[in-house]
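Participant: Pasting in a structure now, in structure tokens, and then I'll have a few things to ask.
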Amino acid sequence: MNDQNLQAAVSAGVMSAESEHRALLQSIVEVARAIFSARAASIFLHDEEADELVFEAVAGEGSDSLLGTRFPSSTGVAGWVLVTRQPLIIDDLEQDPRHARETAESTGYVPKAMMTVPLLHDERALGVLNVLDRSKEIEFSLGQMELLGLFANQAAIALDLLQRARHARAVLTQSGGDAGVIARIASALEGLDEEQREPVLRLLGALDDVLRADVSF
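Under the working numbering, the first residue of the sequence shown carries the number 219, and numbering increases by one thereafter.
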């Protein structure tokens, strides 16, 4: 199998994995928004290299315009939660000094209340999950926070896998299709738990099928 075909096979698998993880993040914010009867819900990814927060998934207000929008990682309540790694529920943002109103105005939607939790994975703060302006009929409870924590756990796993897929794509691009990229992907399996291994194993399995088909000819 030549390098060009190998690159195409791996690239297709990496792009498919990235698309799946982004779809999962979108599902998480949509379900979170529905359960809390909120005006909006969003997931920020922390781009460590640029030290910025990036909208990776948005449901409700801003869903048609905010994806990919970036802010300094220290911005507002989301920045505070990212740094402190502590969840925060604020029912009156106007009275909270951590609220970055100007930044909110730049998005076209200024929330009045916010529930924000950090997305933690393997001691890393990958981003934050926001639920904005939940229904006033839903009063805060420990059960709500536990539920939000479950969403955060799933979102953190999805963000980690998304970052891995993007890293694999970057390595693939830089390597120009060198077969060494396969070894890098395979070695990454050593640091993954069973749930995280599944998409990587699917990718390697698909590649193995291509290689076997090529050898058979």
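Just so you know, even glycine gets a beta-carbon here, dropped at the ideal spot from N, CA and C.
#1: If we count the other Cβ atoms within 10 Å of its Cβ and call it buried at 16 or more, is Val299 buried or exposed?
#2: Taking DSSP as the reference, what is the three-state secondary structure of Ala258?
#3: Please report how far the alpha carbon of Arg342 lies from the alpha carbon of Glu266, in whole angstroms.
#4: Is it a yes or a no for the stretch 286-301 touching the stretch 331-345, going by three-plus beta-carbon pairs under 8 Å?
#5: Please determine if the stretch 309-320 and the stretch 374-385 are in contact, where contact requires at least 3 C-beta pairs separated by less than 8 Å.
#6: Do the stretch 250-266 and the stretch 347-358 make contact, defined as three or more Cβ pairs closer than 8 Å?
#7: Taking one C-beta from the stretch 274-291 and one from the stretch 239-248 each time, how about it: are there three or more such pairs within less than 8 Å?
#8: Helix or strand or just coil, what does DSSP make of Ile325?
#9: Could you spell out where the alpha helix (DSSP H) holding Thr334 opens and where it closes?
Facilitator: Reading from the atomic positions:
#1: buried
#2: Here Ala258 sits in strand by DSSP.
#3: 11 Å
#4: yes
#5: Taking a contact to require three or more Cβ pairs closer than 8 Å, the stretch 309-320 and the stretch 374-385 do not qualify as touching.
#6: Yes, they touch.
#7: yes
#8: According to the sequence displayed, residue 325 carries Thr and not Ile. Here Thr325 sits in helix by DSSP.
#9: Here Thr334 belongs to no alpha helix (DSSP H); instead the beta strand (DSSP E) covers 332-339.
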